[in-house]
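First comes the structure, then the notes that go with it.
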Amino acid sequence: MDAILSLRRSDDGNNNDETLFARIAEDLLQRGYSIQPAALPEHLASTLYAHQHYLAKEDAYEDAGIGRGGDYVKTEFIRSDEIRWITGETDAGQQWIEWTATLQEFLNRRLFLGLFSFESHFAHYAPGAFYKRHYDAFRGEANRVLSVVAYLNPGWGHTDGGELVLYRDDDDIEGIKVVPLYGTLVVFLSEEFPHEVLPAKRDRYSVAGWYRVNTSIGNKIDPPL
Ligand code: OGA
Ligand code: MN
């Protein structure tokens, strides 16, 4: 991987992760969200980066909203990205699942969040694609508790658009803009922060995931195993 893609050395990865996870936990406690530039371990970032470009080359993404019972007619006005759910069948998916599991464990230990399962997908926003203001979860429907997004776009500049805008609440119209630069990680409470993705001027790659709590009642297993 060339210099522009170099992030953190991976030889002392565990210590780095502990420091990063502690910062995320503290931010979540203080304000409910955390924005961490250059957070992804280099080996993980470069593997995800390569895999996303492979998916793009193979035309392996599908329009967001079609899978998992989504309402396509409705969602195409809301979001126009394309996605690929992560199953752990690929090395990249497996590495991401393992890393996010260590974050899950840490946050459960530190904040007693009771995070139970994790689902995630690769996302590609073609030039012009967007995701309008939305919540990842709705209050009272205790399912998605914590959202995490990792960005994989080297050299992303301020004129490239495609920022994530995180709004503090329903009345916030300004929000906090996050540049989707390679290695940046954003974590926020899913029920608390409406957010949107502004139209990108370049191809924009990210991985988005959600930790859920266990809401099984009787024999209805939710989330599915
Ligand atoms: C999402 C989402 C944000 C981003 O997929 O739900 O809000 O910056 N993604 O990609
Ligand atoms: Mn979202």
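Using my numbering, the first residue of the sequence shown is number 237, and each one after it goes up by one. The C-beta atom is built at its ideal place from N, Cα and C for all residues, glycine as well.
request  = For the alpha helix (DSSP H) holding A281, just list the boundary residues, first then last.
outcome  = E278 to K293
Q) What is the residue span of the beta strand (DSSP E) that A296 lies within? A) Looking at the DSSP string, A296 is not in any beta strand (DSSP E), and its letter there is neither H nor E.
What's the call for Q288, buried or exposed, on a 16-neighbour Cβ count within 10 Å?
buried
Quiz item: At what residues does the beta strand (DSSP E) containing E355 begin and finish?
Solution: S353 to Y361
Sequence-distant residues of its chain with Cβ nearer than 6 angstroms to W335 (five each side left out) | L280
(message) Just verifying my parser: in three-state terms, what is the DSSP assignment at N251?
(response) helix
_the ligand MN and L406: does any heavy atom of the ligand fall closer than 6 angstroms to the residue's C-beta?_
It is worth fixing the name first, because residue 406 is Asp in this sequence and not Leu. Answer for D406: no, Cβ out of range of the ligand MN.
**Prompt:** Does the distance from the C-beta atom of L421 to that of A275 stay below 7 angstroms?
**Reply:** yes
Report the three-state DSSP secondary structure of G397 (helix, strand or coil). strand
message: Quick check on this structure: which residue in D327, G324 and K368 has the alpha carbon closest to the alpha carbon of A300?
response: K368
Next on the checklist: Just list the residues that DSSP pairs N389 with in beta bridges.
Outcome noted: L417
Closer than 5 angstroms between the C-beta and any heavy atom of the ligand OGA: which residues qualify, listed along the chain?
V385, L400, V433, S442 and A444
Review point. Would the C-beta of D372 count as close to the ligand MN, meaning under 6 angstroms from any of its heavy atoms?
Key: yes
Can you tell me which of the three DSSP states L464 falls into? The structure shown does not extend to residue 464, since the chain is modelled only from 237 to 461, so the question has no answer here.
Discussion item. Which residue wins for smallest C-alpha separation from T326, given the options T283, F313 and E298?
Written reply: T283
- Message: Per DSSP, what are the beta-bridge partners of V384 in this structure?
- Response: V423 and G445
query: From what residue to what residue does the alpha helix (DSSP H) around E334 run?
result: D327 to L347
Note to self: What does DSSP give as the partner residue(s) for I412 in the beta ladder?
What the structure shows: L402
Spatial neighbours of R259 in its chain, beta-carbon cut-off 8 angstroms, leaving aside the 5 residues before and after | S270 and Q272
Check: If you compare alpha carbons, which of E432, Y441 and D406 is closest to R375?
Finding: D406
(Q) When you compare the CB positions of F257 and L351, do they come within less than 7 angstroms of one another, or not? (A) no
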